[in-house]
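Heads up: the sequence lines are chains A and B, in that order.
The working numbering applies: residue 1 is where the first sequence begins, and numbers increase by one.
The working numbering applies: residue 1 is where the second sequence begins, and numbers increase by one.
Here a beta-carbon is modelled for each residue, glycine too, at the ideal position from N, C-alpha and C.
Shown next, in structure tokens, is the structure this report addresses.
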Amino acid sequence: AREGSNGAKSVAYIHQDAPQMRQYVDFNDLDTICKLYEQRARGLVKFAANKVEEEVRNGEDLVGALNKVSVHSVRAANAHCHYFVVKNFVDEIKTLELSPGLRSVLMDLARLYALDGLSKNSGEFMEEGLLSGKDVKQCHQLVVELLPKIRPNAVSLVDSYEFSDKILMSVLGRYDGNVYPNLLEWAMKSELNKTDVIPAYEKHIRPLLKR
Amino acid sequence: INPDIQKERDTRTFDYEELAMLLNGGKEEREKRKKIVSIVESDRDYDGPDPSFMSRMDRFEEWMRKSSLLVKKKEKLGELVQDHKDFMFYNLNVTKKRPNVFFDLHYGMFVPTLMGQATDEQRAKWLIPAINHEILGTYAQTEMGHGTFLRGLETTAHYDPETEEFEIHSPTISSIKWWPGTLGKTCNHAIVMAQLYTRGVCHGIHAFMVQIRNMEDHTSMPGITLGDIGPKFGYNENDNGFLKLDHVRVPRDNMLMKHSQVLEDGTYVAAPRKNLTYGTMTMVRSFIVRDAAYALARACTIAIRYSAVRRQSELRPGEPEPQILSYPTQQHKLFPLLATSYAFFFAQLHMVEMYGSVNEAVGKGDYSNMQELHSVSSGLKAFTTWTTNSGIEVCRMSCGGHGYSLASGLPELYTYFTPNCTYEGENTVLMLQNARYLIKC
Chain A
1 AREGSNGAKS VAYIHQDAPQ MRQYVDFNDL DTICKLYEQR ARGLVKFAAN
51 KVEEEVRNGE DLVGALNKVS VHSVRAANAH CHYFVVKNFV DEIKTLELSP
101 GLRSVLMDLA RLYALDGLSK NSGEFMEEGL LSGKDVKQCH QLVVELLPKI
151 RPNAVSLVDS YEFSDKILMS VLGRYDGNVY PNLLEWAMKS ELNKTDVIPA
201 YEKHIRPLLK R
Chain B
1 INPDIQKERD TRTFDYEELA MLLNGGKEER EKRKKIVSIV ESDRDYDGPD
51 PSFMSRMDRF EEWMRKSSLL VKKKEKLGEL VQDHKDFMFY NLNVTKKRPN
101 VFFDLHYGMF VPTLMGQATD EQRAKWLIPA INHEILGTYA QTEMGHGTFL
151 RGLETTAHYD PETEEFEIHS PTISSIKWWP GTLGKTCNHA IVMAQLYTRG
201 VCHGIHAFMV QIRNMEDHTS MPGITLGDIG PKFGYNENDN GFLKLDHVRV
251 PRDNMLMKHS QVLEDGTYVA APRKNLTYGT MTMVRSFIVR DAAYALARAC
301 TIAIRYSAVR RQSELRPGEP EPQILSYPTQ QHKLFPLLAT SYAFFFAQLH
351 MVEMYGSVNE AVGKGDYSNM QELHSVSSGL KAFTTWTTNS GIEVCRMSCG
401 GHGYSLASGL PELYTYFTPN CTYEGENTVL MLQNARYLIK C
């Protein structure tokens, strides 16, 4: 509580009351999705904190209590970091001056990131009473529906990082896409390809064959 | 250009230039980066054999050749390379993300520790020679038996007021410094983290400058045993090393005393904040978040481009084999990771900016946000590196059999990235540090 009132922004949400859950979750609204992440993190942090208090009430000292609760604590910290990354992503896209075309593409990426996180961590969202089984199914479906929206831009989205071929050092990831001839050329550099017949033939293969 | 990949580029629905500028720091920064890339790629001195086919010793020597060449060429770069950020980008293009034995630990930890923890006199003595590469430094913290838990470090530094010296010592086998990059065979100086004792009282870990090799012939200094820790999962161009100190004496001024001091008579003057000693680690954790974002972006670049080129199976009998990027299962593996790389790109911007502003405030004596920075950098470092680590493996698996070949670049990207999950704080321990702060709140 002290930290929150002193203005530590990244944890301020822990002190707020959880808003009343709605009957219907609008997965098209990124703010709603951010709220879900916030509530999951708050719930898991409070669960861990309550467990610590419980252990202390049962006679453990604080150090022992924190250690006993550490598995829950790691889940809580993970949920907090996940919330931080999702919210930061959404906030950045809202704040940046972007053309409508690019904003729409980045928004789709943010939705995919957030929905995929809901889908993969659905147990924790359900545990906090934030999503129902039906919501989770809808979420899985929305992820699948977003994939073809990303598809036309996928190559250009990675191109935009502008990693040179020399940095990537990957025959498969070449900018020109000429993978197969270069795979052959790469393989020819192998030490084993220096001669047609390897020295091990005389030493091991021939004696075996001629025994 | 392969027609399939060209077709992909023709279908985009956004302004490529706009996004490329956003991801590369704006128009001017992007232009500068392009020029730097062009300078490195047109410089034949930097050409060399493909590392995939080299032995460890050959790799080590080749990367040392490139690293030393880079130092020599540093002065000739002119206005194009104005600051440390530009220079590190130049370095990245020369070393291709493999270790630069004269830069990574030297500029990544040795120099920042001097900047953050040395007094003005100490900076005058070591910082300029360090920047000019007249001395080569590393940062020796981790021990064979102790890592993330710094208070458990065993190396001792006892102050002797008679001679006004510290005696630095490795009292056990497990206290031998173990892991620091370039410690084994390259560096001649190390900042050694040791438990400080004055007047019989332990004051916790503090940083000490120790000359570890002779400046004339590079032999180990008396009382010092140095070596390479052997082959590793990755980073085999680097001589990650060990250091054993046998009652090594250094003058009193060799303790970095910007925050806490030991006076001539052995009086200890504590720092205003105990965790100021860990400032270098917080900085490095902040930059690891950036590394995680870029490593995942590189893995996605490789896997998505290849998935556009690769054709496999037939959806319906008689039809041509589709690009594997067209299969929903392939998209489901790769597109969430692509989205994650963008989420991490923005997270690293926030993290680096936050580190800069808190560090500036600390310089002015305002420590109010240090705890939050420590918590955020610990949590995000763990969260992003875990995700990136498993994400690179998913990208490798998405490239079928060719992903297993070193030709894909993915095994090496994976092995080079993996240590991020355990160095500068083991991830589970960092998550627990983050959680303690949350629970306290």
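Original post:
What does D45(B) pair with, by DSSP beta-bridge criteria?
Top reply: Numbered from its first residue, the second sequence carries residue 45(B) at position 45. Partner(s): none; D45(B) has no beta bridge.
Original post:
Helix or strand or just coil, what does DSSP make of D247(B)?
Top reply: The residue labelled residue 247(B) in the question sits at position 247 within the second sequence. In the sequence under discussion, the amino acid at residue 247(B) is His, which differs from the Asp named in the question. Reduced to three states, the DSSP call for H247(B) is coil.
Original post:
If you check the beta carbons only, do S341(B) and C395(B) fall under 8 Å apart?
Top reply: Start at 1 with the first residue of the second sequence, and residue 341(B) comes out as number 341. Start at 1 with the first residue of the second sequence, and residue 395(B) comes out as number 395. In this structure, C395(B) does not lie closer than 8 Å to S341(B) by Cβ.
Original post:
DSSP on Y342(B), reduced to helix/strand/coil?
Top reply: Stepping through the second sequence from its first residue, residue 342(B) is reached at position 342. Here Y342(B) sits in helix by DSSP.
**OP:** Measure from the alpha carbon of L494(B) to the alpha carbon of each residue in A293(B), C202(B), Q141(B) and S286(B), then state which is nearest.
**Re:** This structure does not reach residue 494(B), given that chain B is present from 1 up to 441, and the question cannot be answered.
**OP:** May I ask you to list the residues that DSSP assigns as paired with K177(B)?
**Re:** Position 177 of the second sequence, counting from 1, holds the residue named residue 177(B). In DSSP, K177(B) forms a bridge with E143(B) and L243(B).
Subject >> Length of the line joining the Cα atoms of C139(A) and K232(B) >> reply: Position 139 of the first sequence, counting from 1, holds the residue named residue 139(A). Position 232 of the second sequence, counting from 1, holds the residue named residue 232(B). Whole-angstrom Cα-Cα distance: 42 Å.
**OP:** Return helix, strand or coil for R311(B), following the three-state DSSP convention.
**Re:** Position 311 of the second sequence, counted from the first residue, corresponds to residue 311(B). For R311(B), the secondary structure class from DSSP, reduced to helix, strand or coil, is strand.
Original post:
Is the stretch 71 to 85 of chain A touching the stretch 415 to 432 of chain B in the sense that three or more CB pairs, one from each, lie closer than 8 Å?
Top reply: yes
Original post:
Any Cβ of chain A within less than 8 Å of the Cβ of S174(B)?
Top reply: By one-based count along the second sequence, residue 174(B) stands at place 174. So, not an interface residue.
Original post:
By Cβ distance below 6 Å, which residues in the same chain neighbour A41(A) in space, the five residues on each side in sequence not counted?
Top reply: Residue mapping note: residue 41(A) aligns to position 41 of the first sequence, counting from 1. A79, H80 and Y83, listed in sequence order.
**OP:** Report yes or no: do three or more beta-carbon pairs, one from the stretch 256 to 270 of chain B and one from the stretch 306 to 314 of chain B, lie closer than 8 Å?
**Re:** Pairwise C-beta distances place the stretch 256 to 270 of chain B out of contact with the stretch 306 to 314 of chain B, as fewer than three of them are shorter than 8 Å.
Subject >> CB contact check: R123(B) to chain A, cutoff 8 Å >> reply: Against the second sequence, residue 123(B) aligns to sequence position 123. With 8 Å as the cut-off, R123(B) does not count as an interface residue toward chain A.
Original post:
By the criterion of Cβ-Cβ separation under 7 Å, what are the contact partners of L147(A) in chain B?
Top reply: By 1-based counting over the first sequence, the position of residue 147(A) is 147. Those within 7 Å of L147(A) in chain B are P328, Q331, H332 and F335.
Subject >> Between the CA atoms of Y327(B) and E319(B) - distance to the nearest angstrom >> reply: Position 319 of the second sequence, counted from the first residue, corresponds to residue 319(B). Position 327 of the second sequence, counted from the first residue, corresponds to residue 327(B). Distance between the alpha carbons of E319(B) and Y327(B): 15 Å.
Subject >> Closer than 7 Å at the beta carbon, the chain A residues around T13(B) >> reply: Mapped onto the second sequence, residue 13(B) falls at position 13. Here the neighbours are G101, V105, P152 and N153.
**OP:** Give the interface partners of L150(B) over in chain A, defined as CB-CB distance under 8 Å, in chain order.
**Re:** Residue numbering aside, residue 150(B) sits at position 150 when the second sequence is read from its first letter. Chain A residues near L150(B): none, gap ~17 Å exceeds 8 Å.
Subject >> Cα-Cα separation, R174(A) to K177(B) >> reply: Stepping through the first sequence from its first residue, residue 174(A) is reached at position 174. Stepping through the second sequence from its first residue, residue 177(B) is reached at position 177. So the alpha carbons of these two residues sit roughly 41 Å apart.
**OP:** Could you work out which residues of chain A lie near Y409(B), taking near to mean beta carbons separated by less than 8 Å?
**Re:** Mapped onto the second sequence, residue 409(B) falls at position 409. The sequence as given places Gly at residue 409(B); Tyr does not occur at that position. Result: L168, M169, S170, V171, L172 and G173.
Original post:
Comparing alpha-carbon positions, which option in F60(B), T387(B), S55(B) and Q117(B) lies nearest N100(B)?
Top reply: Locating residue 100(B) in the second sequence gives position 100, counting from the first residue. Ranking F60(B), T387(B), S55(B) and Q117(B) by Cα distance to N100(B) puts F60(B) first.
**OP:** Please confirm if K68(A) has its CB atom under 8 Å from at least one CB of chain B.
**Re:** Your numbering for residue 68(A) matches position 68 in the first sequence. Taking Cβ atoms only, chain B never reaches closer than 8 Å to K68(A), which makes this a no.
Original post:
Does the beta carbon of L112(A) come closer than 8 Å to any beta carbon on chain B?
Top reply: Locating residue 112(A) in the first sequence gives position 112, where the first residue counts as 1. Yes, contact with chain B.
Subject >> Closer than 7 Å at the beta carbon, the chain B residues around N121(A) >> reply: Translated into the one-based positions of the first sequence, residue 121(A) becomes position 121. In chain order: nothing, as chain B lies at least about 12 Å away.
Original post:
Taking the alpha carbon of L19(B) as the point to measure from, which residue in L98(A), D29(A) and K35(A) has its own alpha carbon closest?
Top reply: On the second sequence, residue 19(B) is found 19 positions in, with the first residue counted as 1. Answer by Cα proximity: L98(A).
Original post:
Mapping DSSP to helix, strand and coil, what is L131(A)?
Top reply: By one-based count along the first sequence, residue 131(A) stands at place 131. Coil at L131(A), not helix or strand.
Original post:
For D47(B), which of F335(B), E62(B) and L325(B) has the nearest alpha-carbon?
Top reply: Taking the second sequence and counting its residues from 1, one reaches residue 47(B) at position 47. Of the candidates F335(B), E62(B) and L325(B), the one whose C-alpha sits nearest the C-alpha of D47(B) is E62(B).
**OP:** Report the residue from L338(B), A207(B), L438(B) and H218(B) whose alpha carbon sits nearest the alpha carbon of T186(B).
**Re:** Position 186 of the second sequence, counting from 1, holds the residue named residue 186(B). The shortest C-alpha separation from T186(B) is found at H218(B).
Subject >> H446(B) - containing beta strand (DSSP E), residue span >> reply: The question about residue 446(B) has no answer here: the residues shown for chain B are numbered 1 through 441.
Original post:
Can you round the beta-carbon distance between I304(B) and V155(A) to whole angstroms, since I take them to be within the 8 Å contact cut?
Top reply: For this step, residue 304(B) is matched to residue 304 along the second sequence. For this step, residue 155(A) is matched to residue 155 along the first sequence. With 8 Å as the limit, I304(B) and V155(A) qualify as a contact, their Cβ atoms being about 6 Å apart.
Subject >> chain A contacts from the stretch 375 to 406 of chain B (Cβ-Cβ distance under 7 Å) >> reply: V376, G379, L380, F383, C399 and H402
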